[in-house]
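What follows is a short report on a single structure.
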Amino acid sequence: MLFQRMRVPERLPTTTVSDRQYRTRASGRGRTDDASGGDGPSCPGSLIVVSNRQPYRHEYEDESPSNSTGSDGTSSHGTDGGLARADDQRSITVDEPTGGLTAGLDPVVQETDGTWIAWGDGDADFEVTDDRNCVAVPPDEEAYTLRRLDLSEEAVDAYYYGFSNRVLWPLCHGFPDLIENRPTDFEWYQTVNEQFAEAVSEHADENAVVWLQDYHLALAPRLIRESIPDSATVAHFWHIPWPTPETFRHCPAGGHILEGLLGNDLLGFHVEGYVDRFLDCVDRFLPAATVDRTRRTIRYDGQTTRVVATPMGVDAEGYDRDARSTDRDRLSSLFEEYGILQGTTLGLGLDRLDYTKGIPERLAALERFFERNPGWRGEFTFLQKATPSRTEIGTYQQYGDLVRSEVQRINRRFGTADWQPIVYTEDVLPREDLCTLYRHADVMVVSPLVDGMNLVAQEYVAASVDGDSALLLSNRVGAHERFGSHALTIDPTDTDETAAQLEYALSMSPYERQRRLNTLRQRVFSGDIQSWMATQFDWIRRVHDDAGSSDESDRTGRRADSESDSREPTPPV
Ligand code: GDG
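According to the working numbering, the residues represented by the sequence shown are 8 to 580, in order.
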């Protein structure tokens, strides 16, 4: 049986925002030195982060549950208290999306006094901004400027639920059959990218470091490059995989996508394999580009783009610390709330409800496991937490239906009056509960069919502070390159192998668990979010210095090239 009960999650610590704190302030313009106020990674200029998703969202309290799921499945927790009053006297709360990217970048932007440009998707977002659509955040500290883009419903439907998530997401994850190329989606994608670029140009000075995030903004880099000072740097991190040329040829307007990305000085991926594929695609579909595979640079239209692999990490210390502060009482309460037998051995899965995450494959392996191991029935429970995501898209609705019906079927097959093999929930968990489950789950199964990196696997390792956890990890995720065979490797489509690895994990000696985990933890801590950020900024510094040391004719050449070369790109067919 599915777990139906809705829980009211705990709230994050109270943040009270006064009117004063809604006043925006100037961004950190005109800095010439590294901009860092603390011990964190330092950015070589005035940082402008550009992403689809914003780090803070303002909502009318009466219309927004204290804990909600964003349209991309990003979980949010309302901060407490009556924070502000709109003109009509409704209270406004501030949500802090808890995704790895925003959580990781937010402290860095705070330290650098930078600017963050993003889609304002909260219903009270523009109630609190100034006439430039800016608001100072975080609400209680006013550390940096959040510039919001006001996108129409039509724009969001076409740009976000259209080209981004019906074309680029399936394409980059190697599912060309799932591409839905609707008539005006690409035009809207272009329009929204232009809006982002225009906003950037209003904030960027000659020392700006523009750092774009992800696949929603593939066209913006070239537009930005053409509209901000030459001395500013444009960098981009692509959080999802890059496809092979055989798959990329299915991309509508693929030539435009490549041209857009080659407006960057620096383009980052999680792993080397994606870098290689990107170079392959440029080689094949942009004949005018010069690809230097040794230096990993691309010269196109007077611009040089350096392409690098910089695997993203998590806030390892934070997960370690928060996991240590959890206690067994909270675990017992969670077991009680979810109807899990006290003392049972616990397996954990935690994903967005996305067809890339391999959830049905995981369920099939669990079914095989219980078939083969009747002794574990009643003794082992698998808690699958799935966050609904992009539910406006039919493929996602069907995927959710499939997952829920498979859970029901398996539970009907093996469940008893007081035990269900799979406890399934779509609740958004507060961080404390997440860390409690991470710490106490005996085994975690991370089985995506393909995943750019996968932060969940790293968070689990960071929160496994007792040395008695085991991780089954798909060999098709970026994180596998970091962990290798120190995790228990699985091919997620091999049901027998995954079931066998689960058996192995549950029978593994304490010594082997500890030994594997020690290595995994060492890798998670040495490649954490802080070190990722530092590496990004080192690369940005390097491409900036390289560009600065190139002669003036080169810079002039960029403009001359782009002016003389007005031909349409050749989209791959
Ligand atoms: C994309 C790429 C790449 C989930 N449920 C709850 C919750 N979460 C948090 C997790 C984790 C994040 O959401 C999910 O991150 P993933 O990396 O696993 O997956 P995607 O959302 O697909 O992310 C991926 C990533 O970008 C970064 O580059 O690794 O490959 O697909 O941080 O903890 N957090 C809380 N409650 C929940 O219920 N608090």
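By construction, the Cβ of each residue, glycine as well, lies at the ideal position given by its N, Cα and C atoms.
Query                                                                                                                      : Result
Identity of the residues DSSP links to A316 by a beta bridge                                                               : F276
CB-CB length for T317 against Q543, believed under 8 Å                                                                     : 6 Å
Pairwise C-alpha distance: Q404 and S581                                                                                   : Lying before the first or after the last residue shown, residue 581 is absent from the chain, which here runs from 8 to 580.
V282 at chain B interface by Cβ criterion, 8 Å                                                                             : As a matter of chain content, chain B is missing from the structure shown, which is built from one protein chain.
Three-pair Cβ contact test at 8 Å for the region 449 to 468 versus the region 337 to 350                                   : no
Top-ranked residue by Cα proximity to S49, from T254, L219, D545                                                           : D545
Beta bridge counterpart(s) of F389 as assigned by DSSP                                                                     : G354, I429
Contact test: D336 Cβ vs the ligand GDG heavy atom, cutoff 7 Å                                                             : no
Check whether L524 and G474 have beta carbons under 8 Å apart                                                              : yes
Check: L480 C-beta below 7 Å from any heavy atom of the ligand GDG                                                         : no
Backbone CA spacing between F342 and P455 [nearest angstrom]                                                               : 26 Å
Buried or exposed (CB count within 10 angstroms, at least 16 for buried), F377                                             : buried
Distance CB(R302)-CB(L286) smaller than 8 Å                                                                                : no
For R155 and G270, the rounded distance between their alpha carbons                                                        : 23 Å
V468, enclosing alpha helix (DSSP H) - first and last residue                                                              : 462 to 470
Burial state of T297 (16 or more Cβ within 10 Å)                                                                           : exposed
Cross-strand partners of M451 (DSSP beta bridge)                                                                           : L355, L478
At least three beta-carbon pairs within less than 8 Å, the region 383 to 393 to the region 526 to 543                      : no
Other residues of its chain near W126: CB distance less than 6 Å, five sequence neighbours each side excluded              : N59, L156, L158
Exposed unless 16 or more other CB atoms sit within 10 angstroms - verdict on E386                                         : exposed
C-alpha distance - G354 paired with L479, whole-angstrom precision                                                         : 10 Å
Environment of E559 [buried if 16+ CB atoms lie within 10 Å]                                                               : In this predicted model, E559 has a pLDDT of only 45, less than 50, meaning its place in the structure is not dependable enough to derive any value.
Buried versus exposed, by CB contacts within 10 Å (16 or more), T423                                                       : exposed
Whole-angstrom distance between D425 and W539, CA atom to CA atom                                                          : 46 Å
T394 CB to nearest heavy atom of the ligand GDG below 7 Å                                                                  : yes
Proximity of R446 and A330 at Cβ, strictly below 8 Å                                                                       : yes
L341 - DSSP class collapsed to helix/strand/coil                                                                           : helix
Minimum length 4: unbroken alpha helix (DSSP H) runs contained in the region 185 to 223                                    : 192 to 210
Minimum C-alpha distance to A448 - residue among S238, T388, N200, A541                                                    : T388
Beta-carbon contacts of E510 that lie in its chain and below 8 Å, excluding the five residues immediately before and after : F376, R379, N380
Cutoff 6 Å; reference D221; Cβ partners in own chain excluding five residues on either side                                : H246
Under the three-state DSSP convention, the category Q349 falls into                                                        : coil
Option nearest Y196 by Cα separation, candidates P51, N172, E149                                                           : N172
Segment limits, alpha helix (DSSP H) that includes S234                                                                    : 227 to 234
Every unbroken beta strand (DSSP E) inside the region 233 to 297 [3 residues or more]                                      : 240 to 244, 273 to 276
Which listed residue (Y168, E233, P294, A206) has its alpha carbon closest to that of T398                                 : Y168
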